[in-house]
Amino acid sequence: VTIFNPINYEKNIVKSKNYENLLTIGRLENQKNISGIILALKQVKIKFPKIKLLIIGGGSERQLLEQLVEKNNLKENIEFKGFINPKKYLLSSKILILNSFFEGLPNVLIEGMASKIPIISTDCESGPREILENGRFGALIKVNETEELYKKIIYTLENYDEAKKKSEEGFKSLVRFDKTKQLKKINNYISSI
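According to our numbering, the sequence shown is numbered sequentially starting from -2.
Put into structure tokens, the structure is as follows:
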């Protein structure tokens, strides 16, 4: 029996009209490989000098990541938002990036789909491939491949209508995670024991 993390999402979300930032959300720990996103941004910046990355989350690697930003002259392009509610940024950012080495079931991808934001995620163990339906609802890249990541960011920015279509389809697929449906599965499973 497969029971997904249940989600309660708004069926009629309102996206911001002016979205331009890249976004990553997660603990600032090695597992999330935020440093890989920072290094990818250095390359993206060559083609898109005004690009900005918002990093939401807190953790033990914040100081190291801030040093990496400074070392690569990206202070104007990267903003650490800290541990805050990401909802308004999910609705007002251009691309959500998950660059983890591994995951359980990354709720951030489900929240991203519920916000209709185009997604780029590593094809790590486990969860992204299932949530994004083998890349149907967002882009999947190899784990710890900075070059592939920056190329995929550039491709997504240059082919944004294509990415938006994937995010719209992903939003429609959220019925899989609907709270009522998942709770019914749990109830049926318990009743069958």
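For every residue, glycine included, the Cβ atom is placed at its ideal position computed from N, Cα and C.
Cβ pair residue i, residue j closer than 8 Å
i    : j    : result
G124 : I116 : no
E76  : L106 : no
N96  : I4   : no
I92  : I31  : no
N104 : N2   : yes
K182 : I0   : yes
L19  : K44  : no
L36  : S57  : no
Spatially closest choice to residue i from the options, by CA coordinates
i    : options                   : result
L154 : L38, I4 and E7            : L38
G167 : E63, K182, Y16 and R133   : R133
S13  : K178, S189, I114 and L61  : I114
E145 : S118, E165 and E130       : S118
L88  : E100, R24, N30 and E17    : E17
L129 : N156, K148, A160 and I190 : A160
F99  : V140, E63 and G23         : V140
V41  : Y147, Y157, N15 and N74   : Y147
N15  : N74, R126, N185 and S90   : S90
Length of the line joining the Cα atoms of residue i and residue j
i    : j    : result
P46  : L61  : 23 Å
C121 : R59  : 23 Å
L65  : L71  : 9 Å
F174 : G54  : 24 Å
K68  : Y152 : 26 Å
K6   : A111 : Correcting the residue type first, residue 6 is Tyr in the shown sequence and not Lys. Straight-line Cα distance between these residues: approximately 6 Å.
T21  : Q179 : 27 Å
V11  : K85  : 10 Å
D158 : E165 : 10 Å
N184 : I190 : 10 Å
S170 : N9   : 14 Å
DSSP three-state assignment for residue i, whether helix, strand or coil
i     : result
T(-1) : coil
E123  : The displayed chain sequence assigns Ser, not Glu, to residue 123. Here S123 sits in coil by DSSP.
I10   : coil
L106  : helix
I128  : helix
L25   : coil
E73   : coil
I94   : strand
I117  : strand
G54   : coil
K49   : coil
K139  : coil
G79   : strand
I206  : The structure shown does not extend to residue 206, since the chain spans only -2 to 190, so no value can be given for it.
F221  : Since the first and last residues shown for the chain are -2 and 190, residue 221 lies out of range.
C-beta neighbour in chain C for residue i, strict 8 Å
i   : result
R59 : Given the protein chain composition of this structure (a single chain), no chain C is represented.
Q. Counting pairs of Cβ atoms below 8 Å between the stretch 129 to 144 and the stretch 67 to 82, do you hit three or more?
A. Short answer: they don't touch.
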